[in-house]
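In order, the protein sequences belong to chains A and B.
Residue numbering for the first sequence is 1 to 110, as defined by the working numbering.
Residue numbering for the second sequence is 111 to 227, as defined by the working numbering.
Think of the CB as a built atom: it goes at the ideal place given N, C-alpha and C, for glycine as much as any other residue.
From a predicted model like this one, the values you see are computed outputs, not experimental measurements.
Since the structure comes first, as C-alpha cells, the remarks are kept for the end.
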Amino acid sequence: NAGVTQTPKFQVLKTGQSMTLQCAQDMNHNSMYWYRQDPGMGLRLIYYSASEGTTDKGEVPNGYNVSRLNKREFSLRLESAAPSQTSVYFCASSPRDEQYFGPGTRLTVT
Amino acid sequence: AQKITQTQPGMFVQEKEAVTLDCTYDTSDPSYGLFWYKQPSSGEMIFLIYQGSYDQQNATEGRYSLNFQKARKSANLVISASQLGDSAMYFCAMREAATGGYNKLIFGAGTRLAVHP
Chain A
1 NAGVTQTPKF QVLKTGQSMT LQCAQDMNHN SMYWYRQDPG MGLRLIYYSA
51 SEGTTDKGEV PNGYNVSRLN KREFSLRLES AAPSQTSVYF CASSPRDEQY
101 FGPGTRLTVT
Chain B
111 AQKITQTQPG MFVQEKEAVT LDCTYDTSDP SYGLFWYKQP SSGEMIFLIY
161 QGSYDQQNAT EGRYSLNFQK ARKSANLVIS ASQLGDSAMY FCAMREAATG
211 GYNKLIFGAG TRLAVHP
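This is how it looks when you write it as C-alpha cells:
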C-alpha cells in the first residue's frame, strides 16, 4: 500500500516548456487534489477532482490543466511553464475529511 | 471569505515540555472541519489531527490534542511531552462545508517549531 505517489520528484524546465506531473493513489479515494507550496506560505489549491470524470478550479488555476484519468490517477499539466510556477507541488487524496498527501514534486522554471 | 491565521511564525520548546501552536479561523459556514498537518524538513505533509465543527469534545491523537474554542474561532494544537522529532513546520487548515462528496482545504502560513534538548 503505497498511499499517494508522485512523479517526478524534481524537475527543471526552461520558460515555455511543457510537462505533466503524475499522481496516483491506491486507497480507493474518490477525491483528489493538486496544491502548490511557495516559500513561507501554506499550500494553495490549484485544481481538485471530486470523482472520476470531474474536475474543478481551486484558488490558483491559471497556467495549469488537469486530467482525472481514472479513479487512481490525477495529472497536472503545465502547457507553457513560467518562472512564477517555480514551486513545490503536492497531490492529495481524500476519503471524506482528512487529506493524504504525496511526497511532492520540486519544480524549478528558469 | 474563509481564512486561517497562524500568528506564530516560529516557536521553540524544551524537550519533554508541552507547547501550544495557535490557529484562528474565519468562516460563515456552520459545518466545517479543522486539521493540523506536520511538515518535517523532508517535505512530506503528515496528517495529525481533525476536529469537526459539531464535535462536542476536543480531538486527541496520542500526544496531540486540539483545543477547540468555537466561540473564539480558535483551534490550537497542543503537543505534550515534546520530542526532538517534533521539530517541523505545522500547518492549520480548514475544510469548507462538504458538497458534492468532496472537500477543499484552506491552509494557514504555518508555524515552525524547534524542540531543544
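Member of B:Ser197, B:Phe122, B:Cys202 whose CA lies at the smallest distance from the CA of Thr134 of chain B: Nearest C-alpha to Thr134 of chain B: B:Cys202.
Chain-ordered neighbours of Met155 of chain B on chain A, where CB pairs are closer than 7 Å: Here the neighbours are Phe90, Phe101.
Distance between Pro227 of chain B and Ile46 of chain A (C-alpha atoms, nearest Å): Taking the straight line from one Cα to the other gives about 39 Å.
Phe74 of chain A versus Ser192 of chain B - alpha carbon distance: Annotation: Phe74 of chain A to Ser192 of chain B spans about 37 Å, alpha carbon to alpha carbon.
6 Å CB neighbourhood of Val88 of chain A in its chain, flanking five on each side removed: Answer for Val88 of chain A: Gln37, Gly104, Arg106, listed in chain order.
Closest residue to Arg222 of chain B among B:Pro150, B:Ile159, B:Gly162 (Cα-Cα distance): The shortest C-alpha to C-alpha distance from Arg222 of chain B to any of B:Pro150, B:Ile159, B:Gly162 is the one to B:Pro150.
Chain B contacts made by the stretch 39-68 of chain A, where a contact means CB separation under 9 Å: Listed by position, the residues of the stretch 39-68 of chain A near chain B (Cβ gap below 9 Å) are Gly40, Met41, Gly42, Leu43, Arg44, Leu45, Tyr48, Ser49, Ala50, Ser51, Thr54, Asp56, Gly58, Glu59.
Lys214 of chain B: contacting residues in chain A (beta-carbon distance under 8 Å): Near Lys214 of chain B (Cβ distances below 8 Å), the residues of chain A are Tyr33, Leu45, Tyr48, Gly58.
Three-state class that DSSP yields for Asp136 of chain B in the structure shown: Residue state for Asp136 of chain B is assigned as strand, using DSSP reduced to three classes.
Neighbourhood of Arg173 of chain B by C-beta, 7 Å cutoff - its chain only, sequence neighbours within 5 removed: Apart from sequence neighbours up to five positions away, the residues of its chain that approach Arg173 of chain B with a beta-carbon distance below 7 Å are Ile189, Ser190, Ala191, ordered along the chain.
Local Cβ density within 10 Å of Ser141 of chain B, reported as buried at 16 or more and exposed below that: Here Ser141 of chain B is exposed. Its C-beta has fewer than 16 other C-beta atoms within 10 Å.
Which listed residue (B:Tyr200, B:Val225, B:Leu215) has its alpha carbon closest to that of Gln116 of chain B: Measuring from the Cα of Gln116 of chain B, the nearest candidate turns out to be B:Tyr200.
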